[in-house]
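Using the working numbering, the letters of the sequence shown correspond one by one to residues 2 to 489. I have placed the structure first, in the form of structure tokens, so that the comments after it can refer back to it.
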Amino acid sequence: MSVKEKKQHNWPFIIGVLLICVGMQFANYGSALCVSGDLTKLGATQFYVLISSLGTMGMMLVLPVLGKLTAILGQKTTILTGVCIQLLGRVIMMMAPAWPLYALGQLVQSIGGGFYISAAYVLMPLAVERPELPKFFGYIAVANALGSMCGPLIVSMVYAMGGIWSKLALILNLPLVAAGLLLVMKDCPNARNRDAAKGYDLPGLLLTVVGIACLVFCLNLSGKMFAWGSAPCLLLAAAAAACIIIMIRRELRIANPAVPLKMFRNERLTYAFICAAVASAYSTCSASYCAMWIRTNFQGLPASTFFTGTGTLAQGLVTFILGLFLGGYVGKKFAVRFRPFGIMSMVTAMIATGLLYCLRFTGTVAGGNLVLLANGTIPAGMLLIYLATAIGGFTSSVAQGLYSAYWQSNMRREDIATGSALYNFGNTGGSVIFSAVVGVVLGSSGDFTRAFATGFVFACVGLLVAIRGFRFTPEEIAKAEADYAAKK
Numbered sequence: 002m003s004v005k006e007k008k009q010h011n012w013p014f015i016i017g018v019l020l021i022c023v024g025m026q027f028a029n030y031g032s033a034l035c036v037s038g039d040l041t042k043l044g045a046t047q048f049y050v051l052i053s054s055l056g057t058m059g060m061m062l063v064l065p066v067l068g069k070l071t072a073i074l075g076q077k078t079t080i081l082t083g084v085c086i087q088l089l090g091r092v093i094m095m096m097a098p099a100w101p102l103y104a105l106g107q108l109v110q111s112i113g114g115g116f117y118i119s120a121a122y123v124l125m126p127l128a129v130e131r132p133e134l135p136k137f138f139g140y141i142a143v144a145n146a147l148g149s150m151c152g153p154l155i156v157s158m159v160y161a162m163g164g165i166w167s168k169l170a171l172i173l174n175l176p177l178v179a180a181g182l183l184l185v186m187k188d189c190p191n192a193r194n195r196d197a198a199k200g201y202d203l204p205g206l207l208l209t210v211v212g213i214a215c216l217v218f219c220l221n222l223s224g225k226m227f228a229w230g231s232a233p234c235l236l237l238a239a240a241a242a243a244c245i246i247i248m249i250r251r252e253l254r255i256a257n258p259a260v261p262l263k264m265f266r267n268e269r270l271t272y273a274f275i276c277a278a279v280a281s282a283y284s285t286c287s288a289s290y291c292a293m294w295i296r297t298n299f300q301g302l303p304a305s306t307f308f309t310g311t312g313t314l315a316q317g318l319v320t321f322i323l324g325l326f327l328g329g330y331v332g333k334k335f336a337v338r339f340r341p342f343g344i345m346s347m348v349t350a351m352i353a354t355g356l357l358y359c360l361r362f363t364g365t366v367a368g369g370n371l372v373l374l375a376n377g378t379i380p381a382g383m384l385l386i387y388l389a390t391a392i393g394g395f396t397s398s399v400a401q402g403l404y405s406a407y408w409q410s411n412m413r414r415e416d417i418a419t420g421s422a423l424y425n426f427g428n429t430g431g432s433v434i435f436s437a438v439v440g441v442v443l444g445s446s447g448d449f450t451r452a453f454a455t456g457f458v459f460a461c462v463g464l465l466v467a468i469r470g471f472r473f474t475p476e477e478i479a480k481a482e483a484d485y486a487a488k489k
């Protein structure tokens, strides 16, 4: 019997989905610590922004075509393929003797993650009815928060042990993902649409891959490996612009596109896509650039490993707590309650990135002007990070628990898999584009507070989009009010 046919909640299946989420975020947040440490050992910290962005660029390349791949391979096969590719990439990172091979491994593991990063939002609607989705998407936010809290803490402790343990830190999430897969596989659908492979738009896929890659390399390598305005810089910029423009024109014309851009005609998906990209930019600040800022500015402090591992702890705690009840509360009158929470998620992103920018005023160990509190044991910068990421936890909770329920509210069930892939393309795309812009803003300065200032600008744009786009029709609001009154 399939999950769809079960009238009662299939809790082993649901728990399996949540375990996969825990494992994914455990790896994502934990790996950020490994990358910064590994590049320091390899003497390649100047390429941190590039290699960090490769950690999401692979996902960004896969997600636009994930709906088509799933139709061809089946959901179960797609997830298993992704886990295997991700494991291969992490093994390459573990064995890499120099940064170019390490960067390749980061890209490969990211591609593997792209195969199954949206699985939770595709599988959960198979297990619960649509009115319950906000509550269960809230549980996904809880699982993600658990992974984001445990990942940095455990990985930082294991990584600090050195030797082989610093290598194994990259695959500590494997038992969680494996346990989740065992629970999910029995009822995970694997239907294949053999017609989906006919007339597959390979040119569209290639244009997408080449265009995005050229854009990221242009913005991250210019000023480091070659000068701005040099022939390689201009060639990469021209190739990126040409590929992306041709891809967009092509995908809007053909009947079976690799990148389903026509789905953006659904305005709710479009607005959620943009705000998810902004929320992802904030998450990149808290997970990646905070870790690098701590490692750079607290180097030499006895508790620097602890501080690095707890940088996102406050964010995870807030996301975890809110995820337990926020989705259920908003879901009871979703059409009425979603808009204020959606708008507030962008406001809190602005506040969080603004506070993180203030780290520039808290001093550094190397500069001899480090501001210390609590009898000289805790840097003021860490308290600022804890406060900022706690506020940002609201952004993460709403983005993970409510945005998907918003755009799925008027989406046909058969389009949810493709829509989820495209929506998650916004998540990863936001991180990649944000990191590319940060690469330009940072230059060779090493001042990571510039990344937080860039995040603040992204959040301002997100707020304008949320105010304009996060709304339901009067008829939907009236129906939600009537349904809620009838249940009381």
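Heads up, the beta-carbon is just placed ideally off N, CA and C, and yes, glycines get one too.
Counting along the chain, where does the alpha helix (DSSP H) carrying residue i start and finish?
i	result
Ala452	450 to 470
Val50	49 to 63
Ser32	12 to 43
Glu477	475 to 488
Gly444	Taken as a continuous stretch (DSSP letters only), Gly444 belongs to no alpha helix (DSSP H), as it is neither H nor E.
Leu325	314 to 333
Tyr290	Where Tyr290 is concerned, there is no enclosing alpha helix (DSSP H), given that its DSSP letter is neither H nor E.
Val84	76 to 96
Gln409	404 to 409
Glu252	232 to 254
Can you pull the DSSP bridge partners for residue i?
i	result
Phe227	Ser223
Pro380	Leu373
Excluding the five sequence neighbours on either side, which residues of its own chain have a C-beta within less than 6 Å of the C-beta of residue i, listed in chain order?
i	result
Val123	Ala418, Ser421
Gly470	Tyr272
Arg91	Gln110, Leu171, Ile172
Asn174	Gly24, Phe27, Ala28
Pro13	Leu184
Ala144	Leu19, Cys22, Val23
Gly148	Val23, Gln26, Phe27
Tyr404	Ala273, Ala277
Ile275	Val466
Gly477	In the sequence as presented, Gly is not what sits at residue 477; that position holds Glu. Answer for Glu477: Ala336, listed in chain order.
So, at 8 Å on beta carbons, what are the nonlocal neighbours of residue i in its own chain, with the 5 sequence-adjacent residues on each side left out?
i	result
Met248	Gly205, Leu208, Thr209, Gly212, Val260
Ile344	Leu464, Ala467, Ile468, Phe471
Phe307	Ser157
Asn191	Gly75, Gln76, Lys77, Thr78
Leu40	Thr46, Phe48, Tyr49, Ile52, Trp100, Tyr103
Phe342	Leu327, Val331, Val399, Leu403
Trp166	Val159, Tyr160
Phe227	Pro233, Cys234
Leu318	Ala146, Met150, Ala391, Gly394
Please work out which residues of its chain come closer than 7 Å, Cβ to Cβ, to residue i, disregarding the five sequence neighbours upstream and downstream, and give them in chain order.
i	result
Met2	Caution is warranted here: a pLDDT of 40 is assigned to Met2, below 50, making its placement in the model unreliable, and no coordinate value can be reported.
Ala437	Ser54, Leu216, Val217, Leu220, Asn221
Leu177	Leu20, Val23, Gly24, Phe27
Ile245	Gly212
Met61	Ile213, Phe426, Thr429, Gly430, Val433
Lys7	Confidence at Lys7 is low in this model, with a pLDDT of 43, below 50, so the placement of that residue should be treated as unreliable; the coordinate-derived value is given next. Around Lys7: no qualifying Cβ.
Met351	Phe457, Ala460, Cys461, Leu464
Tyr485	Lys333, Lys334
Gln87	Gln110, Gly113, Gly114
Lys488	none
Give me the Cβ distance between residue i and residue j, rounded to the nearest whole Å; I'm assuming they're in contact under 8 Å.
i	j	result
Gly181	Gly17	5 Å
Leu384	Leu374	6 Å
Ile392	Ala353	5 Å
Phe453	Ala282	The pair is not a contact, with the Cβ atoms about 10 Å apart (cut-off 8 Å).
Ser346	Thr309	Contact doesn't hold; Cβ gap of about 27 Å is too wide.
Gln316	Thr390	4 Å
Leu356	Gly382	No, Leu356 and Gly382 are not in contact; Cβ-Cβ is about 11 Å, not under 8 Å.
Ile93	Leu81	Incorrect: roughly 19 Å between the Cβ atoms, too far for contact.
Leu262	Leu270	Not a contact, Cβ separation roughly 11 Å.
Gly139	Gly329	6 Å
Phe297	Phe449	The sequence shown places Thr at residue 297, not Phe. Rounded, the Cβ-Cβ distance is 7 Å, consistent with contact.
Gly31	Pro153	6 Å
Thr320	Ala142	6 Å
At 4 residues or longer, what runs of the alpha helix (DSSP H) sit wholly inside the segment 101 to 144? 120 to 128
Runs of alpha helix (DSSP H) lying entirely within the segment 152 to 176, each at least 4 residues, in chain order: 165 to 169
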